[in-house]
Amino acid sequence: MNAFTSWHYRTEHTKEFLSLVQVRQPEYLLLDMYADIYLGVVEVIEGYFTYNPKFKDVSPMKEAEVVWRLTSHFEPYFKVWMQHIDAFFQFLHEKIPQCRLILVKARFVDQFADGGSLNEWRAERKYPTVDVERLNGIWDMLDAYMENRFDIQVLDMTQKDYKLDREHPWGGFYVHYTKDFYHDFLQKLTGFTHGDDI
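My numbering numbers the first residue of the sequence shown as 3 and each following residue consecutively.
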């Protein structure tokens, strides 16, 4: 594994974010549902472990009988997701009560800035493709659940038709946008941190 994947794998085991956030007491915490929708989870004795294809040859992935995905196991996954998101927000409320929670609403995109399709590009290379419209419909549901239940601010990046960047530092992917996305995002985030009404 590279350094980032190794860090991701370790932190999935340790759940160290939960202790770090209590120590650091951040002023803001940004949340988005990309991984919940795209990656899925496997069930293990201790609970759930985020699925990542890069982990497929190591425990607990190689022993997992089923990978739960919102696209193929929606009802059981969504039920467990709601229980855990409720518990997570209760944890945040108790442990970092002064922290402002910001939900980042972004969406999967299939079109590059030059008009090409990422799904077509991936299909030609025999990489997995996704139903962007379906995934975005699920993303709408998860965002709505949190907006309706919790005291959370919304940083909405869905109001503009962003495209994908073929030259993105992390490669072409469904959430690797052109630079205007990140400029707009930073401007909106700065507005939140300075008390502007966006």
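For every residue, glycine included, the Cβ atom is placed at its ideal position computed from N, Cα and C.
DSSP beta-bridge partners of Trp-123: Per DSSP, none; premise fails for Trp-123.
Just how far apart, CA to CA, sit Leu-94 and Glu-126? Rounded to whole angstroms, Leu-94 and Glu-126 show a C-alpha spacing of 44 Å.
Excluding the 5 residues flanking Ala-66 on each side, which residues of the same chain have their C-beta closer than 6 Å to its C-beta? Around Ala-66, the same chain offers Val-44 as residues with beta carbons nearer than 6 Å, after the five sequence neighbours per side are excluded.
Helix, strand or coil: how does DSSP classify Lys-107 here? Looking at Lys-107 - three-state DSSP - the assignment turns out to be strand.
Roughly how many whole angstroms lie between the Cα atoms of Lys-128 and Asp-163? A direct Cα-to-Cα measurement between Lys-128 and Asp-163 gives close to 27 Å.
Tell me which residues share the same chain as Arg-136 and place their Cβ nearer than 8 Å to its Cβ, disregarding the 5 neighbours each side in the sequence. In chain order, Thr-73 place their CB closer than 8 Å to the CB of Arg-136, counting only its own chain and leaving out the 5 sequence neighbours on each side.
Per DSSP, the bridge partner or partners of Trp-70: Paired residues: Val-43.
Ile-47 Cβ short of 7 Å to the ligand ATP heavy atom set: No copy of the ligand ATP occurs in the structure displayed, which carries no ligand at all.
Sequence-distant residues of the same chain with beta carbon closer than 7 Å to Thr-131, five excluded per side: Within its own chain, the residues whose Cβ lies closer than 7 Å to the Cβ of Thr-131, once the five positions on either side in sequence are excluded, are Asn-121, Arg-124, Ala-125, listed in chain order.
Contact belief for Trp-83 with Arg-109 at Cβ below 8 Å, rounded distance in angstroms: In fact, because the Cβ distance is near 18 Å, the residues do not count as touching under 8 Å.
Strand pairing of Phe-114, partner residues [DSSP]: In the DSSP output, where bridge partners are listed per residue, Phe-114 has Leu-166.
Return helix, strand or coil for Phe-194, following the three-state DSSP convention. Correct three-state label for Phe-194: helix.
Same chain, Cβ closer than 6 Å to His-10, neighbours up to 5 away in sequence not counted: Cβ neighbours of His-10 beyond the five flanking positions: none.
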